[in-house]
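Residues in the sequence shown are numbered from 0 upward in steps of one, following numbering that gives the first Met the number 0.
Just so it is clear, CB atoms sit at the ideal spot from N, CA and C, and this is done for glycine as well.
Input: a single structure, listed below in structure tokens.
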Amino acid sequence: MTNIKFGTDGWRAVIGVDFTAENAELVTRAIAKYVFDNFGIYKKILVGYDPRNMAKEFANQCAESLANFGFRVLIGNKVVPTPVLAYNAKIKDACAIMFTASHNPPEYLGIKFIPDYAGPATSDITDEIVANLDKEFVPKIKGCVKEVDFAPRYFEHIKSLINFKKIRDLDKNIIFDGLYSATIGYFDKLLCGEDIKYSSIHMMHDVNFGGGMPEPKPKYLSELIEMVKKTPNAIGFANDGDGDRFGVINENGEYVTPNEIIAILLLHLKKHKNMDGCIVKTVGASLLLDKIAEKCGVDVIETAVGFKHVGEAMRKFNPIIGGEESGGLSIRGHIPEKDGILANLLVLEAMAYENKTLCQLQEELHQMAGCKFYNDRVDLKLETREEIEKVIDKFKTTDEFAGMKVLRKDFKDGVKLYLDDNTSWILVRPSGTEPLLRIYFESDSLDKIEKFKK
Numbered sequence: 000m001t002n003i004k005f006g007t008d009g010w011r012a013v014i015g016v017d018f019t020a021e022n023a024e025l026v027t028r029a030i031a032k033y034v035f036d037n038f039g040i041y042k043k044i045l046v047g048y049d050p051r052n053m054a055k056e057f058a059n060q061c062a063e064s065l066a067n068f069g070f071r072v073l074i075g076n077k078v079v080p081t082p083v084l085a086y087n088a089k090i091k092d093a094c095a096i097m098f099t100a101s102h103n104p105p106e107y108l109g110i111k112f113i114p115d116y117a118g119p120a121t122s123d124i125t126d127e128i129v130a131n132l133d134k135e136f137v138p139k140i141k142g143c144v145k146e147v148d149f150a151p152r153y154f155e156h157i158k159s160l161i162n163f164k165k166i167r168d169l170d171k172n173i174i175f176d177g178l179y180s181a182t183i184g185y186f187d188k189l190l191c192g193e194d195i196k197y198s199s200i201h202m203m204h205d206v207n208f209g210g211g212m213p214e215p216k217p218k219y220l221s222e223l224i225e226m227v228k229k230t231p232n233a234i235g236f237a238n239d240g241d242g243d244r245f246g247v248i249n250e251n252g253e254y255v256t257p258n259e260i261i262a263i264l265l266l267h268l269k270k271h272k273n274m275d276g277c278i279v280k281t282v283g284a285s286l287l288l289d290k291i292a293e294k295c296g297v298d299v300i301e302t303a304v305g306f307k308h309v310g311e312a313m314r315k316f317n318p319i320i321g322g323e324e325s326g327g328l329s330i331r332g333h334i335p336e337k338d339g340i341l342a343n344l345l346v347l348e349a350m351a352y353e354n355k356t357l358c359q360l361q362e363e364l365h366q367m368a369g370c371k372f373y374n375d376r377v378d379l380k381l382e383t384r385e386e387i388e389k390v391i392d393k394f395k396t397t398d399e400f401a402g403m404k405v406l407r408k409d410f411k412d413g414v415k416l417y418l419d420d421n422t423s424w425i426l427v428r429p430s431g432t433e434p435l436l437r438i439y440f441e442s443d444s445l446d447k448i449e450k451f452k453k
């Protein structure tokens, strides 16, 4: 059997190298067995795909195989973002398979399994699927494949969550960078349908993503940033390849960190939507969220890094909002899966309710927290897992770092050291897929960050 591993968000590999028809069929069969063993043959399975090279072809192969195993399969009639497929899994009481490699380079493709609770599959589920890879699964009855449009029910639901009338009255030049992603035909269509004016760039599906990466970070949003800077009173939005992550550019042409966006939306949802409850964040997310939550009287639930952990906590605690530092969030009343379309719309809604610029909302946030937080990350490549464990063990016994005392330690995902200035921490955790140490830093000063990195 080929070495197929499910990481924090499914299985991903290079097309034609490890992502082959044979391996895709293996994974499909393993998922089919999982669904049959846990739900029976009459559980519907949805299949979707993003704009990547060969994604549609592999999705069709998967749908036919599932039908041959006896399942009733609904496959998207066009490119679909992951959160749209996940929402349909929820309302149809179905499981779903998404062909995407999210923000990975263009040569990658992947398979993401979405259980009927509409969030990322937890480790116990993916472990069972991996265990099925070398097991036989005999067809039960003859199933069928039907093409459907997953957009209408999702649009209907989003309109119940977002006050589009408020956004329509917002005096703002909205610019959407389609970034060649799956949200083309979704985010823009929602705005059009509500008569909200916007400008756009990169509004076509391209398997090479314009020669860049389908990742809504400053490095790949240079054209959007320039357009925002040249346009008076403008704000920019983008999503990643499958639409579950967001990227936001403020009126000054500056990237707004996901931590800031989550904090702004927590304040908005509590104040204007009267939501009560907690916030769910990962151990890699900013102290900014803890400080804003404390000001709001909101409890903080912290998870390991990865939205599958956030989603699991969302199902358990039903929070106001759940989010991660890498650009994923969802809210109560939606799905326990990150949704970049919803995130972008919520930012517009928050600005409209406050009648303030995004820059003003950011400034108020920093004043409320008492400082501005800065973050960075270093990936350290090591040869073996043993070397990684040695470094982590060293951090476990560290009581001083960069001249500061360690106030407390957290071990839910690697080692996190909280330092005695009450604004700085270091998180050291292993990558789930390769021999890498991911080292995260946060502080109220860029000088401190540089000192920590050295």
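Can you tell me which residues form a DSSP beta bridge with GLU301?
One-based indexing of the sequence shown puts residue 301 at position 302. GLU301 is bridged to LYS280.
Could you tell me the boundaries of the beta strand (DSSP E) in which PHE186 lies?
Here residue 186 corresponds to residue number 187 of the sequence shown, with the count starting at 1. DSSP places PHE186 outside any beta strand (DSSP E); the residue lies instead in the alpha helix (DSSP H), whose first and last residues are 186-192.
To which residues does DSSP link ASN374 through a beta bridge?
If you number the sequence shown from 1, residue 374 lands on position 375. Looking at the DSSP assignment, ASN374 forms a beta bridge with GLU441.
By Cβ distance below 6 Å, which residues in the same chain neighbour GLU311 in space, the five residues on each side in sequence not counted?
Indexing the sequence shown from 1 puts residue 311 at position 312. Excluding five sequence positions before and after GLU311, the CB atoms of its chain that fall closer than 6 Å to its own CB belong to THR121, given in chain order.
Quick test of the definition: if touching needs 3 or more C-beta pairs under 8 Å, does the region 372-388 touch the region 264-282?
With fewer than three CB-CB distances shorter than 8 Å, the region 372-388 does not count as touching the region 264-282.
Within 10 Å of its beta-carbon, does PHE410 have 16 or more other beta-carbons around it, so buried, or fewer, so exposed?
The residue given as residue 410 occupies position 411 in the sequence shown. The C-beta of PHE410 has fewer than 16 other C-beta atoms within 10 Å across all chains shown, which makes the residue exposed.
Taking the alpha helix (DSSP H) that GLU155 falls in, what are its first and last residues?
Numbered from its first residue, the sequence shown carries residue 155 at position 156. Note, GLU155: alpha helix (DSSP H), 150-160.
Distance, Cα to Cα, TYR352 vs LYS165?
Position 353 of the sequence shown, counted from the first residue, corresponds to residue 352. Position 166 of the sequence shown, counted from the first residue, corresponds to residue 165. The alpha-carbon separation between TYR352 and LYS165 amounts to approximately 7 Å.
ILE174 and LEU223 look like a contact to me (Cβ under 8 Å); what is the Cβ gap, rounded to whole Å?
In the sequence shown, the residue the question calls residue 174 occupies position 175. In the sequence shown, the residue the question calls residue 223 occupies position 224. The pair is a contact, with the Cβ atoms about 6 Å apart (cut-off 8 Å).
List the DSSP bridge partners of PRO429.
Counting from 1 along the sequence shown, the entry for residue 429 is found at position 430. According to DSSP, PRO429 bridges with LEU436.
Supposed contact pair LEU357 and VAL255 - C-beta distance, whole angstroms, cut 8 Å
To locate residue 255, count along the sequence shown from 1; it is residue 256. To locate residue 357, count along the sequence shown from 1; it is residue 358. Between LEU357 and VAL255 the Cβ distance is about 6 Å, and since that is below 8 Å, they are a contact.
Return helix, strand or coil for GLU382, following the three-state DSSP convention.
The sequence position of residue 382 within the sequence shown is 383, counting from 1. The answer is coil: DSSP assigns GLU382 none of H, G, I, E or B.
Among residues of its own chain, excluding the 5 on either side of ALA20, which ones have a beta-carbon nearer than 8 Å to its beta-carbon?
Taking the first residue of the sequence shown as position 1, residue 20 is located at position 21. If we look at ALA20 and ignore the five residues flanking it on each side, its Cβ neighbours are PHE57, GLN60.
Is it buried or exposed, LEU364, if we count other Cβ atoms within 10 angstroms and call 16 or more buried?
Within the sequence shown, residue 364 is the residue found at index 365, counting from 1. Buried, by the Cβ-count rule.
Could you check how far apart the C-beta atoms of ILE157 and LEU344 are, in whole angstroms? I think they sit under 8 Å.
Reading the sequence shown from its first residue, position 158 is the one you call residue 157. Reading the sequence shown from its first residue, position 345 is the one you call residue 344. About 7 Å separates the beta carbon of ILE157 from that of LEU344, a gap short enough to meet the 8 Å contact definition.
Since ILE113 and CYS94 are thought to touch, with beta carbons under 8 Å apart, how far apart are those beta carbons, to the nearest angstrom?
Taking the first residue of the sequence shown as position 1, residue 113 is located at position 114. Taking the first residue of the sequence shown as position 1, residue 94 is located at position 95. Contact flag correct, Cβ pair sits at about 7 Å.
Using a threshold of 7 Å, state whether the C-beta atoms of ASP239 and HIS333 are closer than that.
Counted from its first residue, the sequence shown places residue 239 at position 240. Counted from its first residue, the sequence shown places residue 333 at position 334. Going by C-beta atoms, ASP239 is not nearer than 7 Å to HIS333.
For ALA181, collect the residues of the same chain with a Cβ closer than 7 Å to its Cβ; drop the 5 residues on either side in sequence, then sort them by chain order.
Along the sequence shown, one-based indexing puts residue 181 at 182. Apart from the 5 residues on each side of it in sequence, ALA181 sits with its Cβ closer than 7 Å to the Cβ of ASP49, PRO50, VAL78, VAL79, PRO80, GLY240, ASP241, GLY242 in its chain, given in chain order.
Please state whether DSSP places MET0 in a helix, a strand or coil.
The count along the sequence shown starts at 1 and reaches residue 0 at position 1. Caution applies to MET0, whose pLDDT of 47 falls short of 50 and renders its modelled position unreliable; the value that the coordinates give is listed next. Coil at MET0, not helix or strand.
Taking 7 Å as the cut-off, decide whether the C-beta atoms of VAL279 and VAL309 are in contact.
The residue you call residue 279 lines up with position 280 of the sequence shown. The residue you call residue 309 lines up with position 310 of the sequence shown. Using a Cβ distance threshold of 7 Å, VAL279 and VAL309 count as a contacting pair.
Burial state of THR383 (16 or more Cβ within 10 Å):
Your numbering for residue 383 matches position 384 in the sequence shown. The residue in question, THR383, is exposed, as its Cβ has fewer than 16 Cβ neighbours within 10 Å.
Are the beta-carbon atoms of ALA54 and PHE98 separated by less than 7 Å?
Sequence index remark: in the sequence shown, residue 54 carries index 55 (1-based). Sequence index remark: in the sequence shown, residue 98 carries index 99 (1-based). PHE98 is positioned such that its CB atom lies closer than 7 Å to that of ALA54.
Do you know how far the Cα of ILE195 is from the Cα of LYS188?
Along the sequence shown, one-based indexing puts residue 188 at 189. Along the sequence shown, one-based indexing puts residue 195 at 196. Distance between the alpha carbons of LYS188 and ILE195: 10 Å.
Between which residues of its own chain and MET0 is the CB-CB distance below 6 Å, once the five residues before and five after are set aside?
By one-based count along the sequence shown, residue 0 stands at place 1. With a pLDDT of 47 at MET0, under the threshold of 50, the modelled position of this residue cannot be trusted; read the value that follows with caution. Same-chain partners within the cutoff: LEU132, ASP133.
Go ahead and label LYS90 buried or exposed: buried means 16 or more other beta carbons lie within 10 angstroms of its beta carbon, across all protein chains shown.
Translated into the one-based positions of the sequence shown, residue 90 becomes position 91. A quick correction: the sequence has Ile, not Lys, at residue 90. By the neighbour-count rule (16 or more Cβ atoms within 10 Å), ILE90 is not buried but exposed.
Between the beta-carbon of CYS128 and the beta-carbon of TYR33, is there less than 7 Å?
Residue numbering aside, residue 128 sits at position 129 when the sequence shown is read from its first letter. Residue numbering aside, residue 33 sits at position 34 when the sequence shown is read from its first letter. A quick correction: the sequence has Ile, not Cys, at residue 128. Yes, the Cβ-Cβ distance between ILE128 and TYR33 is below 7 Å.
Does the distance from the CB of ALA100 to the CB of ARG11 come in under 7 Å?
For the purposes of this step, residue 100 is taken as the residue at position 101 of the sequence shown. For the purposes of this step, residue 11 is taken as the residue at position 12 of the sequence shown. Note that the C-beta distance between ALA100 and ARG11 is below 7 Å.
Is it the case that the Cβ atoms of LEU368 and LEU265 are separated by a distance below 7 Å?
The residue you call residue 368 lines up with position 369 of the sequence shown. The residue you call residue 265 lines up with position 266 of the sequence shown. It should be noted that the sequence gives Ala, not Leu, for residue 368. For ALA368 and LEU265, no; Cβs fall outside 7 Å.
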